[in-house]
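Colleague: Heads up: the sequence shown is residues 333 to 637, going by this note's numbering.
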Amino acid sequence: MNNARQIAFGYSTRCNIKCDHCVAAHDGSPETKMALRSAVQIIEEMSRSHVTGISFTAGEPFLYADDMNELVRRCKKQGIYSRIVTNGYWARTRDRSDEMVSTLKNSGLSQLRISFSRWHQKNVTREKILNAAWSCQRYGLDYFISFVTDFEKEDDAQEQFLQDHRLKYFPEPLIYFGNATRIKQPPVFTDYPAHRCAMNPYLSPDQDMFACCDAGTQFTKTDAFYLGNLKNHSVDHLFQKKEDNLLFHLIKTMGLTAMASFLGFRASEIVKYRKCNLCEALFNSSDHLERLKKSAKTELLHWTR
Ligand code: SF4
Ligand code: SF4
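(1) Are the CB atoms of residue 337 and residue 383 nearer to each other than 9 Å?
(2) State the DSSP-derived secondary structure class of residue 579, mapped to helix, strand or coil.
(3) Would you call the region 458-465 in contact with the region 413-431, where contact means no fewer than 3 C-beta pairs closer than 8 Å?
(4) Whose C-alpha, out of 434, 360, 445, is nearest the C-alpha of residue 392?
(5) Given residue 501, which residues of its chain have a CB within under 6 Å of its CB, disregarding the five upstream and five downstream residues?
(6) Buried or exposed: where does residue 488 fall if 16 or more other Cβ atoms within 10 Å of its Cβ makes it buried?
(7) Looking only at its own chain, which residues have a Cβ that is under 6 Å from the Cβ of residue 430, when we skip the five neighbours before and after it?
(8) Are there 16 or more other CB atoms within 10 angstroms of the CB of residue 548, so buried, or fewer, so exposed?
(9) In angstroms with no decimal places, state the Cα-to-Cα distance between residue 333 and residue 572.
(10) Under the DSSP definition of a beta bridge, which residues are partnered with residue 540?
(11) Mind listing which residues have their beta carbon within less than 5 Å of any non-hydrogen atom of ligand 2? Chain order is fine.
(12) Tell me, which residues are paired with residue 553 by DSSP?
(13) With DSSP collapsed to three states, give me the class of residue 334.
(14) Can you tell me whether residue 452 is buried or exposed, with buried defined as 16 or more other CB within 10 angstroms of its CB?
(15) Going straight from the alpha carbon of residue 427 to that of residue 436, what length do you get?
(16) Could you name each continuous beta strand (DSSP E) segment of 3 residues or more that falls completely within the region 393-421, going from the start of the chain to the end?
(17) With 16 other CB atoms within 10 Å as the buried threshold, where does residue 387 fall?
(18) For residue 504, which beta-bridge partners are listed by DSSP?
(19) In the DSSP assignment, what are the bridge partners of residue 445?
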């Protein structure tokens with residue numbers, strides 16, 4: 333059902349800044365960190381379980397820069413593609429940035445993903461983002477900027493900055509969970525998107541594994557996306573659990589919009605939802621979840637054109 337095994341690896345939820353839109357290290361969430369020895373063992377087990385890509389994320393991974401380099405080296409040794417998601421705070425000067433990036437390149441990092449938004453940039457200057465991106469260009473390390481936006485007009489100036497400096501960037505819609513629940517949601521202006529998701533799991537520093545790395549970790553009414561803890565189960569078992577779940581498979585293939593329509597949501601209602609909010613309406617509601625589960629192998633599976 334799902335042959336490519338990739339995972340978002342939360343080594344620590346600690347961060348050096350506090351973004352008003354943060355989902356991962358939001359106010360009130362505990363600061364936790366995995367032991368380096370456990371992380372190394374998990375990476376080795378992931379390699380045996382055919383995991384091909386690891387994205388180190390959660391808080392700010394470079395608060396533990398030496399550990400990150402060690403984990404990246406382990407990924408390289410095991411033939412696993414590695415990515416680190418960072419806010420770029422460390423790129424204070426060109427020299428400092430070059431030193432960090434060249435070390436990562438030598439350790440075998442596959443890609444650096446640098447976060448950028450009007451919320452991040454209240455704490456990290458745009459010059460640091462430029463330093464980090466330019467160091468990647470100089471040392472031949474693949475990178476991209478993750479431009480988090482709520483598509484408000486004021487973000488045009490941020491995007492213009494990225495364009496003016498010819499940086500490689502991809503817009504990422506703001507997810508209204510964690511701290512971002514306090515941010516006013518502008519209305520959605522779009523047609524009828526399918527809302528399909530890659531369904532790459534997330535591993536927390538406490539070794540809890542979830543079927544998705546975004547808002548799905550916070551569906552606490554049903555715990556629909558919780559797979560189990562690696563202290564009690566193997567990597568292979570938890571991946572298999574996700575891959576055997578027909579509803580997760582349908583999120584990837586059919587998409588959430590068709591599932592909502594199947595449940596009787598009106599089209600005019602569906603288009604008002606953002607993707608993760610629609611997912612919450614389906615999967616963090618016992619009633620909707622039960623109905624989806626009951627029909628997953630029958631009517632829902634055949635709900636195709
Ligand atoms: S940099 Fe990332 S992890 Fe840190 S507060 Fe901002 S959004 Fe959260
Ligand atoms: S829509 Fe659901 S599966 Fe997709 S990213 Fe959001 S929470 Fe995860």
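Heads up, the beta-carbon is just placed ideally off N, CA and C, and yes, glycines get one too.
Modeller: Taking the coordinates as given:
(1) The beta carbons of residue 337 and residue 383 sit closer together than 9 Å.
(2) helix
(3) yes
(4) 445
(5) 477, 479, 494
(6) exposed
(7) 467
(8) The residue in question, residue 548, is buried, as its Cβ has 16 or more Cβ neighbours within 10 Å.
(9) Note that residue 333 has pLDDT 41, beneath the 50 cutoff, so the model's placement of it is unreliable and the number below is only indicative. Rounded to the nearest angstrom, the gap between the Cα atoms of residue 333 and residue 572 is 10 Å.
(10) 561
(11) 529, 544, 546, 547, 548, 607, 608, 611
(12) Within the DSSP secondary-structure output, residue 553 pairs in no beta bridge.
(13) A caution first: residue 334 carries a pLDDT of 44, below 50, which makes its placement in the model too unreliable to give a value.
(14) Under this definition residue 452 is a buried residue.
(15) 14 Å
(16) 413-418
(17) Buried, because 16 or more other Cβ atoms sit within 10 Å of the Cβ of residue 387.
(18) 480
(19) Partner(s): 417, 476.
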